[in-house]
Amino acid sequence: VLALYDPNFISGGLDESYLDVTEYMRDKGLSAEDVASNLRGHVCEATKLTCSVGVAANRMLAKICSDLNKPNGQYLLEKNHKRICEFISDLPVRKIPGIGKQTELLLNGLGIQKCRSLLDNAGLLSALFSNVAFEFFLESGLGIGSSDEPAEYERKGISCERTFASLEGKALEEKLQDIVTTLGRQMAEKNLKAKHMTVKMKRVDFVVKTKSKVLLGHTNDPREMLDSAVRLLKEAKLGPLRLIGVRMADFEKEREIESGQLRISDLLSDKHLDDASGIVDERKRMEHEDWLLAQQIHQEEYAVLRLPEKKKLNSGKGSVRRMNTIESLFNAARNN
């Protein structure tokens, strides 16, 4: 459905996509409001699912707008500098994609609750954070986001999952077989082979668990994948489930290993590979969308907090006082 509006749309996951409908609007003679409404209706007709749409000048603003009139609504932010500045200035910083719970607490501790404060405190942010983080905060406060197609997209994984009424035993294995068959077909169509499998399982009490396994070789054969997936399911011993999914990652590269060169997996038995598997609680995963940026911010905070209290910097006593001030700011953020 989305390809009808933008053949080069960008998928942000199972339930999120970004489209540039500029040409579609021009060709069809439609307004942005009309396109958003038609798109929602088209998706509902084809999938029986509702969706929310945000229309704005860039992907960051569009994502924020898509959350404003959920469920099954739309929001249009005019492509006007004054209107964009008014819209972004009153938003809580947590609304910015890439700012998660911990970063929000850190910014709140510095007295920054609204996006306008990112600009008002630009000097402070520049002193405390790296250039990458500072530029991100500054652009967010100005409502600046990317609208160009990414130069290169490297797929990290491919997955398929299904939600259903409570299933267990043979019925659950049959559902898993359907999922693996669909996933194998999708991988074959995209000429993908992978060797790292993760089975996602949601219990009837909505607790989500995952269990992973490194396969002996890259594959997209549903039969090989099913054997491993069923084995992981049985090892998890979670009882009745209401959702199950399979994700394949660690794709085979275009340039194969030189002929005759051993792979690490060639030296390991199934037991060794199984020992590397384990159940990972889904809730422990990083919650930031732009986790690389968030991770860098946290590392900088940690580095500041870990500095010895009386350590002298190159600039002398003034720098020591500045570092003590930074430490107190971060301590305030942590205490909040």
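Taken in order, the sequence shown gives residues 1 to 336; the numbers are from the numbering used here.
The beta-carbon is built from N, C-alpha and C at its ideal position, and this holds for glycine as well.
Bear in mind the structure is a predicted one, so any value in this text is a computation, not a measurement.
Query	Result
Helix, strand or coil for S11, going by three-state DSSP, please let me know.	strand
Within its chain, find whatever has a CB closer than 6 angstroms to the CB of N72; leave out the 5 residues flanking it on each side and keep chain order.	T50
If contacts are defined as beta-carbon pairs under 8 angstroms, then K213 and M187 qualify, I think. What distance do you get, rounded to the angstrom?	Between M187 and K213 the Cβ distance is about 17 angstroms, and since that is not below 8 angstroms, they are no contact.
How about K79 and A62: do their beta carbons lie closer than 9 angstroms?	no
Roughly how many whole angstroms lie between the Cα atoms of V93 and D6?	30 angstroms
My output table needs one value for E252: the three-state DSSP class, helix, strand or coil.	coil
Express the C-alpha separation of L4 and E161 in angstroms, rounding to a whole number.	25 angstroms
Are the beta-carbon atoms of V230 and E173 separated by less than 9 angstroms?	yes
Roughly how many angstroms separate the alpha carbons of L215 and L30, rounded to a whole number?	50 angstroms
What does a CB cutoff of less than 8 angstroms around E139 pick up in its chain, not counting 5 residues either side in sequence?	G145
Relative to the alpha-carbon of N220, which residue among A236, L233, A249, S52 has its alpha-carbon at the smallest distance?	A249
Please look up how many angstroms separate the CB atoms of K200 and G245, rounded, as I've assumed it's under 8 angstroms.	4 angstroms
Can you check which of these residues, R26, G54, V208, G41, is closest to L19 by C-alpha distance?	G54
My understanding is that V204 touches P240, with C-beta atoms under 8 angstroms, so please give their C-beta distance in whole angstroms.	5 angstroms
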